[in-house]
């Protein structure tokens, strides 16, 4: 049993009709439906939903649901890149192995320094990322990093290459309690051209990794598609279904999604995104997720500009990054490499907390004991 | 000899079979389930099952229930 | 039933979402008429010691041959007793269906979920189609599902009270979260309450006391049959657009324009 079975069931769904021929009445009727089916998610992602009164109705309900299940709080976290050495050749990514960017790997001492700096900033939730390379940053290296960081923060989430179930368990034992992996695109037909080389070329392996993490007992499992690689509506639809599949099957894990939009990156020439994702599209995706899965965590990173991020508070987002750096290290000292993508919201943790409070919400640094 | 029939001490003749007990009590074998000493009997065994001293016999049927 | 709304339990097609209990009737001869007018397909019976003095009829001779007979383990106070009764039921020719009912509380007649789970595990392994009557509890229901139960049967209200669908909130959660049929059993006193169960997403309803003790049981059975069908259609047709917001509060998406 794998999410792939669900994907195949909906792969050839008539999205064209759902997205273009749905009326605003159809959308309004779905908004308050207590339990929504996949077909309803497609309705929420339709073009009609972007009509001003309809989108506003979705937003009001999404706001109510988010407050009911999450309260008026935003959990803050920061990403820490341990390494950007990567064996994959993803055509859209700044860390693509053929990209002549400066590479670096943090030593244990440097990780300690990062941990200290992050703790000082107030952050207690960290996502550790690596470029995807088993040889450069093997699971034992990651485990060591987890152990070091657990001295300084309460929650470590891993966002690295695909592991086996025993390896996920090993890292869980080491102290990692969360897992993130983006499928990038759920479209299995365009996936190969986007990921021509490296382990990540294996679509099925990547698709099934989040489930392995759930099986290994991870408390938090985050999914996402990089919007813009394919029709953003389709990828949001499948991400939603993937989240629901895991939520239903592993009720003990908190499932969350991120909504990254492809943006400017350093040094990769020749790649043009399949579709551009406007602000209103991002908002619609968030609202659709919230209405489809009331208890889903939703993350917005610093890819997005400050003004927009602030406006998203209250529309469904539950986690935001702050004090972000997409270069290797960078929290303590000078970054050790070039960055993966451009950070647009460069606000510090302090500034981010202020902005959250200004919206009537409370920034949360440690959301569990 | 003494047996326990549906929870009550009952005296029956030596060598009595299950079929005999049912007949005596005007009970149609086709309408009941019989359990002898904890074992559920197949209907074809009623004729051949001979009761012993101290046998525990349960004769049950379906009744209305929710 | 509407097209494409098949009701399948353990691979068997069930023709009615009303299950009929056969206890408490003043006159057992009414039962076949009740089955006929309500359309009930699954009918529960109990197993009792024969009373040689009164020599009442075996109830199954009153029941149409195409009914599915489901003995309940009424009387069992623990798993062991339930298992024994289930096996007796099967030996008596009920097929493999069994409704597990384990009650050791005589005040409220509330089922003991823990003993019910134990009985479920044993009887599933013994090849029974197990339908556990239980107190609504999502965790217990999941465990029963994992043990192989063909459905779960949460109570609507304590047996015989006819109090209605008191457990709606919890049962609705179960309907949303479980992938096996959820059949509300016990406590339903009126056809409107049976319709409510179906509107909440239940797959079926079992009714006994409300029909057996009605002034006109046959007419009441007919009403329940219609109510269950109506409730199901309502559930399938989807709720209307309920505008729960009176006025828009601060506009949340104005900034996009």
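Protein chains in written order, with the working numbering: chain U, 74 to 442; chain Y, 2 to 67; chain X, 12 to 268. Beta carbons: idealized from backbone N, C-alpha and C, even for Gly.
Whether residue i touches residue j by CB criterion (8 Å)
i             : j             : result
residue 235/X : residue 26/Y  : no
residue 102/X : residue 131/X : no
residue 232/U : residue 200/U : yes
residue 184/X : residue 162/X : no
residue 80/X  : residue 56/X  : yes
residue 373/U : residue 429/U : no
residue 410/U : residue 177/U : yes
residue 161/U : residue 278/U : no
residue 53/X  : residue 70/X  : no
residue 100/X : residue 46/X  : no
residue 229/U : residue 219/U : yes
residue 402/U : residue 187/U : yes
residue 43/X  : residue 74/X  : yes
residue 307/U : residue 142/U : no
residue 34/Y  : residue 22/Y  : no
residue 326/U : residue 291/U : yes
residue 159/U : residue 204/U : yes
residue 82/X  : residue 63/Y  : yes
residue 301/U : residue 347/U : yes
residue 295/U : residue 253/U : yes
residue 152/U : residue 117/U : no
residue 205/X : residue 193/X : no
residue 270/U : residue 222/U : no
residue 115/X : residue 98/X  : no
residue 379/U : residue 189/U : no
Segment limits, beta strand (DSSP E) that includes residue i
i             : result
residue 61/Y  : 57-65
residue 141/X : 140-145
residue 171/X : Note, residue 171/X: premise wrong, no beta strand (DSSP E); not H, not E.
residue 52/Y  : Premise fails: residue 52/Y is in no beta strand (DSSP E) and is neither H nor E.
residue 331/U : 327-331
residue 57/X  : 53-60
residue 9/Y   : 9-12
residue 30/X  : 29-32
residue 393/U : 392-394
residue 320/U : Run containing residue 320/U: none in the beta strand (DSSP E); it sits in the alpha helix (DSSP H), 305-322.
residue 46/X  : Premise fails: residue 46/X lies in the alpha helix (DSSP H), 41-49, not in any beta strand (DSSP E).
Nearest neighbour of residue i, chosen from the options [CA to CA]
i             : options                       : result
residue 133/X : 99/X, 152/X and 93/X          : 93/X
residue 181/X : 173/X, 174/X and 167/X        : 167/X
residue 98/U  : 110/U, 119/U and 109/U        : 119/U
residue 50/Y  : 12/Y, 9/Y, 20/Y and 15/Y      : 20/Y
residue 119/X : 178/X, 240/X, 169/X and 202/X : 169/X
residue 187/X : 282/U, 297/U, 109/U and 414/U : 109/U
residue 413/U : 170/U, 94/U and 123/U         : 170/U
residue 293/U : 83/U, 285/U and 299/U         : 285/U
residue 58/Y  : 2/Y, 3/Y and 7/Y              : 7/Y
residue 4/Y   : 60/Y, 30/Y and 45/Y           : 60/Y
residue 360/U : 74/U, 159/U, 390/U and 79/U   : 390/U
residue 353/U : 305/U, 436/U, 297/U and 103/U : 305/U
residue 114/U : 415/U, 310/U and 316/U        : 310/U
residue 260/U : 275/U, 399/U, 79/U and 84/U   : 84/U
residue 126/X : 105/X, 117/X, 151/X and 140/X : 151/X
residue 350/U : 298/U, 195/U, 249/U and 320/U : 298/U
residue 454/U : 263/U, 172/U and 211/U        : Only positions 74 to 442 of chain U appear in the structure, and residue 454/U is not among them; the question remains open.
residue 157/U : 438/U, 250/U and 408/U        : 408/U
residue 112/X : 129/X, 224/X and 18/X         : 129/X
residue 370/U : 74/U, 135/U and 91/U          : 135/U
residue 393/U : 197/U, 276/U and 400/U        : 197/U
Start and end residues, alpha helix (DSSP H) containing residue i
i             : result
residue 202/X : 202-210
residue 278/U : 276-288
residue 249/U : Residue 249/U -> not in any alpha helix (DSSP H); beta strand (DSSP E) instead, spanning 249-253.
residue 239/X : 228-248
Expected contact under 8 Å - CB spacing of residue i and residue j to nearest Å
i             : j             : result
residue 431/U : residue 149/U : Their Cβ separation, rounded to whole angstroms, is 15 Å, which puts residue 431/U and residue 149/U out of contact at 8 Å.
residue 231/X : residue 221/X : 7 Å
residue 101/U : residue 130/U : 6 Å
residue 247/U : residue 216/U : 4 Å
residue 246/X : residue 212/X : 6 Å
residue 65/Y  : residue 36/X  : 6 Å
residue 344/U : residue 289/U : About 34 Å separates the two Cβ atoms, so there is no contact after all.
residue 195/U : residue 422/U : 5 Å
Any non-hydrogen atom of the ligand MG within 7 Å of residue i CB
i             : result
residue 293/U : No copy of the ligand MG occurs in the structure displayed, which carries no ligand at all.
Continuous alpha helix (DSSP H) assignments of at least 4 residues falling wholly in the segment 82-156 of chain U = 88-94, 97-104, 111-117 and 125-143
Along the chain, which unbroken stretches of the beta strand (DSSP E) at least 3 residues long are found entirely within the segment 72-153 of chain X?
-> 79-82, 108-111 and 140-145
Mind pulling the alpha helix (DSSP H) runs of 4 or more residues that sit fully within the segment 353-411 of chain U?
-> 379-385
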